[in-house]
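2 protein chains.
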Amino acid sequence: MSRTSNPIAARTASPVQRQLRPTAKVLPEHARAHNRSLVLGHLFHEGPSSRADIARSTGLTRVTVSDLVAALLAEGLVADLGVRAESRVGKPATLVGLRSSEHHVVVVDLADDATVHGAVMTLVGDVVVREHVTGAGATGTAAVTLVEDLCRRLVERASRPVIGVGISSPGVIDAGGRVVEAPNRGWYGEPLAARLTGVLGLPVHVANDANTRALGEYTYGGAAADAMIVTVGQGVGAGMLVDGALVRGRGHAAGEIGHVTVVDEDTAGETPEPCACGRTGCLETVLSAPALRRRTAGLTPQDADATLASVGRMLGRALAPVVSALNLAEVLLSGPPELLDGSLREAVATTLRDRTMPVIGHDLRVRMAALDEDAALAGAAVLVLSGQLGIT
Amino acid sequence: MSRTSNPIAARTASPVQRQLRPTAKVLPEHARAHNRSLVLGHLFHEGPSSRADIARSTGLTRVTVSDLVAALLAEGLVADLGVRAESRVGKPATLVGLRSSEHHVVVVDLADDATVHGAVMTLVGDVVVREHVTGAGATGTAAVTLVEDLCRRLVERASRPVIGVGISSPGVIDAGGRVVEAPNRGWYGEPLAARLTGVLGLPVHVANDANTRALGEYTYGGAAADAMIVTVGQGVGAGMLVDGALVRGRGHAAGEIGHVTVVDEDTAGETPEPCACGRTGCLETVLSAPALRRRTAGLTPQDADATLASVGRMLGRALAPVVSALNLAEVLLSGPPELLDGSLREAVATTLRDRTMPVIGHDLRVRMAALDEDAALAGAAVLVLSGQLGIT
DNA sequence: TTTGTAAGGAAGGTCTACTAACAAACATGT
DNA sequence: ACATGTTTGTTAGTAGACCTTCCTTACAAA
Numbered sequence: 007m008s009r010t011s012n013p014i015a016a017r018t019a020s021p022v023q024r025q026l027r028p029t030a031k032v033l034p035e036h037a038r039a040h041n042r043s044l045v046l047g048h049l050f051h052e053g054p055s056s057r058a059d060i061a062r063s064t065g066l067t068r069v070t071v072s073d074l075v076a077a078l079l080a081e082g083l084v085a086d087l088g089v090r091a092e093s094r095v096g097k098p099a100t101l102v103g104l105r106s107s108e109h110h111v112v113v114v115d116l117a118d119d120a121t122v123h124g125a126v127m128t129l130v131g132d133v134v135v136r137e138h139v140t141g142a143g144a145t146g147t148a149a150v151t152l153v154e155d156l157c158r159r160l161v162e163r164a165s166r167p168v169i170g171v172g173i174s175s176p177g178v179i180d181a182g183g184r185v186v187e188a189p190n191r192g193w194y195g196e197p198l199a200a201r202l203t204g205v206l207g208l209p210v211h212v213a214n215d216a217n218t219r220a221l222g223e224y225t226y227g228g229a230a231a232d233a234m235i236v237t238v239g240q241g242v243g244a245g246m247l248v249d250g251a252l253v254r255g256r257g258h259a260a261g262e263i264g265h266v267t268v269v270d271e272d273t274a275g276e277t278p279e280p281c282a283c284g285r286t287g288c289l290e291t292v293l294s295a296p297a298l299r300r301r302t303a304g305l306t307p308q309d310a311d312a313t314l315a316s317v318g319r320m321l322g323r324a325l326a327p328v329v330s331a332l333n334l335a336e337v338l339l340s341g342p343p344e345l346l347d348g349s350l351r352e353a354v355a356t357t358l359r360d361r362t363m364p365v366i367g368h369d370l371r372v373r374m375a376a377l378d379e380d381a382a383l384a385g386a387a388v389l390v391l392s393g394q395l396g397i398t
Numbered sequence: 007m008s009r010t011s012n013p014i015a016a017r018t019a020s021p022v023q024r025q026l027r028p029t030a031k032v033l034p035e036h037a038r039a040h041n042r043s044l045v046l047g048h049l050f051h052e053g054p055s056s057r058a059d060i061a062r063s064t065g066l067t068r069v070t071v072s073d074l075v076a077a078l079l080a081e082g083l084v085a086d087l088g089v090r091a092e093s094r095v096g097k098p099a100t101l102v103g104l105r106s107s108e109h110h111v112v113v114v115d116l117a118d119d120a121t122v123h124g125a126v127m128t129l130v131g132d133v134v135v136r137e138h139v140t141g142a143g144a145t146g147t148a149a150v151t152l153v154e155d156l157c158r159r160l161v162e163r164a165s166r167p168v169i170g171v172g173i174s175s176p177g178v179i180d181a182g183g184r185v186v187e188a189p190n191r192g193w194y195g196e197p198l199a200a201r202l203t204g205v206l207g208l209p210v211h212v213a214n215d216a217n218t219r220a221l222g223e224y225t226y227g228g229a230a231a232d233a234m235i236v237t238v239g240q241g242v243g244a245g246m247l248v249d250g251a252l253v254r255g256r257g258h259a260a261g262e263i264g265h266v267t268v269v270d271e272d273t274a275g276e277t278p279e280p281c282a283c284g285r286t287g288c289l290e291t292v293l294s295a296p297a298l299r300r301r302t303a304g305l306t307p308q309d310a311d312a313t314l315a316s317v318g319r320m321l322g323r324a325l326a327p328v329v330s331a332l333n334l335a336e337v338l339l340s341g342p343p344e345l346l347d348g349s350l351r352e353a354v355a356t357t358l359r360d361r362t363m364p365v366i367g368h369d370l371r372v373r374m375a376a377l378d379e380d381a382a383l384a385g386a387a388v389l390v391l392s393g394q395l396g397i398t
């Protein structure tokens with residue numbers, strides 16, 4: 007074997023260079039914030055607990071937990087709930103609990119072109135106030151103003167301290183809340199989060215609607231840590247969860263699967279249809295809610311089922327490589343149940359199992375998303391919980 | 007809109023429950039370890055630097071960096087290189103550098119069924135010693151003993167302190183170095199890392215060979231942080247990098263794309279062939295090195311190119327959903343260049359661009375892997391660098 | 001009543017990184 | 001030649017964060 011051209015050896019003289027990622031230093035206070043999030047996360051997921059419970063769960067000592075809880079009590083995020091009712095051996099525990107109804111989150115969903123939906127929510131996702139504005143056709147700065155006004159009204163109507171604002175929008179959105187590209191609102195490089203923070207004086211988080219849905223399903227809907235949530239509405243999108251974290255991708259466009267080609271000339275029983283994007287045979291031409299309705303309109307239930315199953319098989323074909331490459335635990339379908347939760351979903355499941363090796367397809371679950379139409383709002387709330395409190 | 011069945015609201019009484027991941031507490035010493043890795047990582051990627059350089063790069067103060075460097079000097083991981091040659095304004099800087107040739111890593115590659123390849127490497131991936139054992143047919147415990155003996159010999163032949171052992175093996179391997187399933191060696195649930203650590207008294211890291219290749223390409227080969235490295239050899243595998251981290255997947259089987267179905271009855275110009283896995287039309291039946299050689303044997307160069315292009319199109323079809331879902335920056339092909347680096351690679355690239363939306367396919371790169379046949383060994387070394395020094 | 005167990009708090013110690021201040025060593029301008 | 005400004009690396013002191021150890025409180029079980 008010739009080793010002279012070893013590219014590793016060739017680099018020995020000069021160091022191994024790479025575009026350095028902004029790896030952040032860690033200060034003691036960051037450790038503190040992390041452990042604080044651990045405590046909050048425990049209370050969020052497990053409910054009222056004693057300090058000793060939290061200590062066991064987090065691995066921190068009781069002393070440290072007491073200290074953190076004291077700080078949280080002072081902040082008002084946590085409340086003393088008195089002694090635990092059930093009594094075991096030893097000194098009875100005093101419970102502390104997250105004051106989830108004593109803090110509010112303002113959330114906005116921009117998925118609907120005609121109407122902007124907003125709400126005030128508690129930390130556990132209960133809707134306290136609901137508002138909407140009809141902003142048909144508003145684009146550019148006008149659309150930003152629309153969102154601004156809605157947020158302001160919601161903040162005013164919140165009866166508790168508002169922890170932050172979460173916004174779910176279609177389009178390509180970067181981690182800093184800048185809308186890189188959202189054709190439906192005419193936003194290109196719009197610094198939405200920064201602008202709203204300036205106006206409202208509150209932390210604002212913005213993310214793609216398919217991604218927020220995925221977050222919502224993970225936090226409130228029991229989705230697995232390695233999952234794909236396919237959202238079917240006017241278009242088709244997806245949120246990807248890998249190891250419990252949202253995948254954003256190189257250009258912040260992860261999950262944009264609506265315009266993957268799935269219908270070819272040689273696809274049995276199908277003809278590629280033109281897509282709004284200018285190409286043909288895109289997933290959206292067969293799987294979007296309008297496309298599904300159009301394709302099943304006027305058919306007998308049997309024929310409609312067959313049609314839906316056919317679409318399910320196409321989706322399954324497309325997802326099989328994704329499921330295999332990431333070894334996903336779950337594929338969730340979010341959208342109209344009358345279209346998705348039947349032969350379509352079953353066809354996706356069987357196709358995925360047929361087209362992947364057993365170790366991949368064996369314990370893969372294909373199910374409907376657990377959350378209803380408020381999933382995007384709930385996910386927007388998770389943006390805030392995650393960003394401000396570290397709860398995931 | 008009916009909101010009564012809101013599953014979020016329904017959960018308000020009980021807390022939001024989920025399978026808790028082992029979220030680790032962070033102690034001051036962990037912060038220290040993290041910052042230490044930051045210093046080492048800077049020296050690894052940027053080469054000899056002054057303490058002030060490191061401080062600017064990491065965001066830590068010069069005082070802290072001096073302290074960390076002092077500790078690393080005491081450990082012998084870093085050396086004082088004297089004053090910088092070029093002189094600028096101000097006090098001349100004293101350079102410190104990673105003593106990459108003064109420490110060794112022992113690496114083993116188990117991809118070859120007939121021979122086990124091993125090497126002693128420096129921290130920058132230079133091969134110092136090369137050894138191999140012919141272990142045709144060794145399985146189960148005998149195969150473990152084979153690896154054990156090879157490691158021991160390599161450790162003995164290492165002329166510098168050995169930081170750890172890295173092993174690259176086909177099969178499904180969990181994060182703790184347990185081989186869940188490796189049919190070629192007859193390993194099922196084999197705790198390889200633990201066993202070797204016990205015998206050698208050194209830190210041992212084990213990972214799937216496609217994954218180690220991906221790590222090697224990332225660290226030594228300049229691969230992007232969001233990339234897929236497709237490895238073509240006896241079979242077909244892949245390593246997935248998302249945000250610079252290896253994806254392991256729900257059942258540690260991420261990257262197992264060799265048995266995704268890519269050939270159907272309706273695939274133009276192709277007939278599904280039976281696969282060793284018992285199904286038909288798997289990616290391995292067309293893309294493995296033997297399959298490619300068989301399909302192109304005896305053909306004119308033009309016909310061979312057409313055949314390779316056809317396989318490239320099939321691969322492109324399979325990868326388009328993956329590239330879209332994750333918004334990957336790069337797809338790397340690792341394997342025989344005479345088969346892959348031509349019409350096949352070009353077909354993959356054009357197919358991917360044709361079948362994805364512009365925002366996804368626009369700046370996607372499809373190229374050959376930068377590292378040669380030692381890529382797996384280099385990746386195994388990265389396992390150790392990453393696990394012991396925190397360098398990625 | 002005694003014993004054992006568990007919860008929570010107080011005191012003291014160690015570790016970590018920061019700020020402030022300074023000396024050393026050099027380039028540059030007058 | 002000499003003062004000035006710049007950059008480096010170190011010393012000293014401070015604040016934060018978590019730990020270990022010990023104590024008190026409160027209850028169940030024997």
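For the protein sequence lines, the chains are A and B, in the order given.
Per the working numbering: the first sequence ends with 398, consecutive numbering throughout.
Per the working numbering: the second sequence ends with 398, consecutive numbering throughout.
Even glycine gets a Cβ: it sits at the ideal position worked out from N, Cα and C.
Keep in mind it's a predicted model, so treat the numbers as computed, not measured.
Beta carbon proximity, residue i to chain A, threshold 8 Å
| i | result |
| --- | --- |
| B:Arg361 | yes |
| B:His265 | yes |
| B:Ile235 | no |
| B:Val253 | yes |
| B:Leu44 | yes |
| B:Gly261 | yes |
| B:Arg163 | no |
| B:Ile169 | no |
| B:Asp118 | no |
| B:Cys157 | no |
Burial state of residue i (16 or more Cβ within 10 Å)
| i | result |
| --- | --- |
| B:Gly400 | Limits of chain B in this structure are 7 at one end and 398 at the other, which puts residue 400 of chain B out of reach. |
| B:Thr398 | buried |
| A:Thr165 | Correcting the residue identity first, residue 165 of chain A is Ser in this sequence and not Thr. When all chains shown are included, A:Ser165 counts as exposed. |
| A:Arg68 | exposed |
| B:Val89 | exposed |
| A:Gly170 | buried |
| B:Ser93 | exposed |
| B:Arg27 | Only weak support is given to the placement of B:Arg27: the predicted model assigns it a pLDDT of 49, under 50, and the value that follows is read from those uncertain coordinates. So B:Arg27 counts as exposed. |
| B:His211 | buried |
| A:Arg299 | exposed |
| A:His265 | buried |
| A:Gly304 | exposed |
| B:Ser107 | exposed |
Span of the alpha helix (DSSP H), counted from its first residue to its last, around residue i
| i | result |
| --- | --- |
| B:Leu79 | Arg68 to Glu81 |
| B:Glu344 | Pro343 to Leu346 |
| B:Thr273 | Counting along the chain, B:Thr273 falls outside any alpha helix (DSSP H), and DSSP gives it neither H nor E. |
| A:Ala295 | Ala295 to Thr302 |
Any chain B beta carbon closer than 8 Å to residue i
| i | result |
| --- | --- |
| A:Met246 | yes |
| A:Ala324 | yes |
| A:Thr64 | yes |
| A:Lys97 | no |
| A:Ile179 | no |
| A:Ala274 | yes |
Whole-angstrom C-beta distance between residue j and residue i, which should lie under 8 Å
| i | j | result |
| --- | --- | --- |
| B:Glu46 | B:Tyr226 | The question names Glu, but residue 46 of chain B is Leu in the sequence shown. About 16 Å; that fails the 8 Å criterion. |
| B:Val150 | B:Val161 | Wrong, their Cβ atoms sit about 16 Å apart, outside the cutoff. |
| B:Val372 | B:Val317 | Wrong, their Cβ atoms sit about 14 Å apart, outside the cutoff. |
Endpoints, beta strand (DSSP E) assigned at residue i
| i | result |
| --- | --- |
| B:Leu338 | Glu336 to Ser340 |
(request) Could you name each continuous beta strand (DSSP E) segment of 3 residues or more that falls completely within the segment 101-182 of chain B, going from the start of the chain to the end? (result) Segments of the beta strand (DSSP E) lying fully in the segment 101-182 of chain B: 110-115, 121-128, 133-140 and 168-175.
(message) For a minimum of 4 consecutive residues, which ranges assigned as the alpha helix (DSSP H) are wholly contained in the segment 179-223 of chain B?
(response) Runs of the alpha helix (DSSP H) inside the segment 179-223 of chain B: 198-206.
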